[in-house]
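Chains as they are written, first to last, in the working numbering: chain A, 7 to 119; chain B, 1182 to 1293.
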């Protein structure tokens, strides 16, 4: 089954404790992206990757890091989480270009205390 | 860069009525306009999209219209059903950068 998976689905952590949210897709997509969803603000892009070893900032990249060492994986790293990073996070992937159909993962709900 | 405005933020209709959600965009070079549906506890899922060389597209009870001159596009759902209740997002692909820019979403409630 074609899908985007994220882990963990739920995470409670404390300020300053490094964490990683994994994202994996099995559709051989070149393009992958991370979004955060906050009430009243919709979906905002954090980082994206056009292909392996190619990453770039989205609209709200501060406090986040990403890496793309393999085509299928695109982890989101929070080196020192803060309460304002409490949010619902989605990973997405698409083929060829970001304008093609994006397939979203199920989301990761993060609470930073 | 691209900016997408979406209205209304909430919409409540009776089952069987029609629902219309409208979006405007700022970048005249934008050429791809998808609509996503997000059900509770799930990620957004594409329901319909339209490209700038087309004015209207239909898929059963769902249709999207695009007015390039006015830079707005709309989602039309006819004969609404309770399972249409969800949050709907419009998006536009910014011409220069190419990433999707999303509207803030519309929470649609269909009352039986």
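For every residue, glycine included, the Cβ atom is placed at its ideal position computed from N, Cα and C. What you are looking at is a predicted structure, and each value in this text was computed from that prediction instead of being measured.
Apart from the 5 residues on each side of it in sequence, residue 83 of chain A sits with its Cβ closer than 6 angstroms to the Cβ of 26 and 71 in its chain, given in chain order. Here DSSP, grouped into helix, strand and coil, assigns residue 14 of chain A to coil. In the structure shown, residue 31 of chain A adopts extended strand secondary structure according to DSSP, grouped into three states. In the DSSP annotation of this structure, the continuous segment of the beta strand (DSSP E) that includes residue 42 of chain A starts and ends at 37-44.
In this structure, residue 31 of chain A lies away from residue 58 of chain A, with their beta-carbon atoms at least 8 angstroms apart.
Sorting B:1258, B:1245 and B:1274 by C-alpha distance to the C-alpha of residue 1198 of chain B places B:1258 at the top. From the listed residues A:67, A:61 and A:87, the smallest Cα separation to residue 75 of chain A is found for A:61. The three-state reading of DSSP puts residue 112 of chain A in coil, since its state is none of H, G, I, E or B. The beta carbon of residue 80 of chain A does not come within 8 angstroms of any beta carbon belonging to chain B, so the residue lies off that interface. Scanning chain B for C-beta atoms nearer than 7 angstroms to the C-beta of residue 17 of chain A yields nothing, as the closest lies near 16 angstroms away. Chain A places a beta carbon closer than 8 angstroms to that of residue 1226 of chain B, counting this residue as a contact. Within the stretch 1212-1263 of chain B, the beta strand (DSSP E) runs of at least 3 residues that lie entirely inside it are, in chain order, 1213-1219, 1226-1232, 1237-1240, 1243-1248 and 1253-1258. In the DSSP secondary-structure assignment, residue 98 of chain A is bridged to A:39 and A:110. Within the stretch 1227-1261 of chain B, contact with chain A at the beta-carbon level (separation under 8 angstroms) is assigned to 1227 and 1230.
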